[in-house]
Amino acid sequence: MAHRNQSIDESFETINLVSPKTIPMLLPENWEEILNKLSPHDFHTAINTCPQWRQLMMPKRTTLLFPLILPILEEYLPLASILQLRGVTKLIKVETEPLLKHYPGIRPPVEKLQHFEKLAPLFRKYNSDSMRDPALYLGEFISHMMTSRPIPSTDPFITGSMSISLAGRNEAETVRRIEMFQTLFSIYGSHLKRIDVKEFVVGGRIMDSIISLLSCFPNIQWINIFGGVYMEEEIVRMNNLPFLFKLEGLHLLTVFEQELSEFDFSMQLITKYGQQLKSLCVNKLLKSRNLGPSLLSSLAPNVIAFEMRSMDPVALETLARVSWQLEELQLGSSSSDARSPDYINGFLDAINHFENSLKKFRFTCSNKRRFSGDWDVGKMIPLRKLETLTFHFTNFELEWVDHFLRISCQRLKQLYLIRNNELTRGHVNSLRDLFQILPKLKKIVVLYGNPQKQRVIYPPVV
Amino acid sequence: MALVRVISSDGAAFLVSQRLAKRSGKLKTEIETFRKSSDNSEAQPEIRIVTIRAEILRLVLQWLQQHQNDPVLPANQNEQDGRGDAEMGQSQWDRDFLAPMDLGIVMELILAANHLEVKGLLDITCKLVESKITGRTVDEIRTAFKLKSDFKGNEEEQTRLENRWCVEN
């Protein structure tokens, strides 16, 4: 096609377009009927097709382009504005739902807690009349929310996600709290897709509580269980674990007083739900010699995302032989000394095992002394699909890290560094050098404890 | 001066310097890909942007031309918050540039800036739209964006109730 060159400053009206030769053969109202039914993406394609169509579609432009720009606008809009947009049109409401999922958990802002009565219609909607004393439960429910960690305030009915704490100040309060949650979730638990259960310290009741809570979530997709359990007696058999057909993610970061209890607790849940899991996170589970790679592969054969917070040579050996096609892997080193050759070789064996599938890898090690031993560069191999690497690592400047990036990360697109201390100018310059070494690298993001300080380093423009 | 032909979805071609074009992440990648695949190092790259029409492409290039001597935004982001600081970066020229545009054009510019990876333009256009949403009621947003409610029956009331504890004072 021949094109006439235009200067940028030349007014658009004088441009002699060589555009598609489509002529609307229908009446404008017929075209409007057809074009109105286009999805936002098709609408955007259509307005780029020819001036005649564009003319016809002009009045609908803001309505239909709005959903397309929403995901781009997200980082500029406060949550309250995104919630407000839900009420503007149906199309916008549909498009805001995925954005709201980025705000897990619940914590109404303090100033809103003055207006308890505003919650009443919401609870009535979910048949709260059946509760013994709605006002009492409501008060307790909200006061509980005040103790949650500060996270963006969202409504679990909208996000389908909630974070709860089972621990009260004393046993009586804990029991009351569990009863409250059982009552609440028996009413609206079916709306939740993700639940974070944390801070529980009770003894034998914990198993009964978890079983009874889980049965309230028929649509749950993701369960995170955090917190400590301190109990002398052995873990009871959880024979009555309910079927949760939609469950895909199980994160078990529970710290038990006795490691054997932790193993028993995690194994019961994995035995029940392992076949359907795609994402699994464990604390020390793989350290046990009782769980070898074969058993783990057969209990949870479909895992594609795995996180291990506390690794050791035994756990790494299991990971290096499990028959998973992992796409995401997170490894953390919390207490062991990782300078021994066994440890370092095990670490590389585990990562190399997923050389053809791993797309995202995150490594956390906050102690300077660890992972500073002698690394066998010859054991490092290219990870063919690795695109995103996150290092939460104090001494990123170590020689082995440099080798690892050059050899194993040739297809890396994004590098995230989580740091406690600020980068010096020298650090920034050496990071910029990575753009010369890694041909596909598009950006380096440096994250600090304070998210406001996040810094993005892009390749220098020629 | 090395040039590149950038062609809009409706066939209008813009001849711009490669230095200017490379301030767009997308065009920079395209030029480099062309260089690698071309035997003739003197050949002029031709890049077709099928999702951006001439009027919008001209606006993007005009903005790039005005800002061609600015520091490249991503590498010079605000060190305090790490994000592109649209307020700091918005000049009187930017305000005059955006002033006559209706929201439909601004939305097309956002999509174009996002596609072409022009961070500075994306920031100022998104900030403009954000200023017309934040702190407004549903009715005010509908008026500003010329949107018509299409909720049926009690759907709208239902949504309002769901939003109530987070949104209303």
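As you go down the protein sequences, you meet chains A and B in turn. Counted from 1, the first sequence has number 364 at position 364 by this note's numbering; the numbering is strictly sequential. Counted from 1, the second sequence has number 1093 at position 93 by this note's numbering; the numbering is strictly sequential. By construction, the Cβ of each residue, glycine as well, lies at the ideal position given by its N, Cα and C atoms.
Selection G1025(B), L1015(B), S1009(B) and L1020(B) evaluated against L1122(B) yields G1025(B) as nearest (Cα-Cα). At least 8 angstroms separates the CB of M1101(B) from every CB of chain A. Excluding its 5 nearest sequence neighbours in each direction, A46(A) has C-beta neighbours in its own chain below 7 angstroms: L35, L38, W53 and M57, listed in chain order. Taken in chain order, the complete beta strand (DSSP E) segments of 3 residues or longer contained in the stretch 1028 to 1079 of chain B are 1046 to 1048. By the rule that beta-carbons nearer than 8 angstroms mark a contact, S1041(B) does not touch chain A. The Cβ neighbour count for S1041(B), taken over all protein chains shown within 10 Å, is under 16; the residue is labelled exposed.
In chain B, no part has a C-beta under 8 angstroms from the C-beta of N283(A); the shortest such distance is about 32 angstroms.
Apart from sequence neighbours up to five positions away, the residues of its chain that approach L1027(B) with a beta-carbon distance below 8 angstroms are V1004, V1006, A1021, I1047 and L1116, ordered along the chain.
Here K93(A) carries a helix assignment [DSSP, helix/strand/coil]. For D196(A), the three-state secondary structure derived from DSSP is strand.
One finds nothing in chain A with a Cβ atom closer than 7 angstroms to the Cβ of V1004(B); even the nearest lies about 11 angstroms away.
DSSP places C1126(B) within a helical segment (H, G or I) once states are collapsed to three. E1030(B) does not reach chain A, its nearest Cβ partner there being about 14 angstroms away, counting only Cβ pairs nearer than 8 angstroms.
The alpha-carbon separation between V377(A) and W400(A) amounts to approximately 8 angstroms.
In the structure shown, the three-state DSSP call for N224(A) is strand.
The alpha-carbon of G227(A) is positioned some 8 angstroms away from that of V197(A). Against chain B, the CB of K440(A) has no partner CB under 8 angstroms away; the residue lies outside that interface. E248(A) is not a Cβ neighbour of Q268(A), given a cutoff of 8 angstroms.
The continuous beta strand (DSSP E) containing A1013(B) extends over residues A1013 to S1017. Rounded to whole angstroms, Q410(A) and R61(A) show a C-alpha spacing of 43 angstroms.
About 16 angstroms separates the CB atoms of L358(A) and K379(A); that is not less than 8 angstroms, and the two are not in contact. A distance below 6 angstroms between beta-carbons, with the five flanking residues on each side excluded, links C281(A) to the following residues of its chain, in chain order: H251 and E307. In this structure, L348(A) sits away from L389(A), with a CB-CB distance that is not shorter than 8 angstroms. Taking the beta carbon of Y76(A) as reference, the chain B residues within 7 angstroms of it are C1126, K1127 and E1130, listed in sequence order.
Taking a Cβ-Cβ threshold of 9 angstroms, none of the residues of chain B is close to L99(A); the smallest such distance is about 13 angstroms. In the structure shown, S294(A) adopts helical secondary structure according to DSSP, grouped into three states.
Restricting attention to K413(A), H392(A) and N356(A), the CA atom closest to the CA of P459(A) is found in K413(A). The shortest C-alpha to C-alpha distance from E422(A) to any of L441(A), L405(A), R406(A) and V445(A) is the one to V445(A). DSSP places Q436(A) in the uninterrupted alpha helix (DSSP H) bounded by R425 to I437. Counting only the Cα atoms, N30(A) lies some 30 angstroms from N1154(B). The count of Cβ pairs closer than 8 angstroms, one atom from the stretch 308 to 326 of chain A and one from the stretch 288 to 297 of chain A, reaches three, so the stretches are in contact. The DSSP-derived three-state label of V314(A) is helix. In the structure shown, the three-state DSSP call for G1135(B) is coil. If you draw a straight line from the Cα of K360(A) to the Cα of I223(A), it is about 21 angstroms long. Judged by DSSP in its simplified three-state form, Q414(A) adopts strand. In the three-state reduction of the DSSP assignment, E307(A) falls in the strand class.
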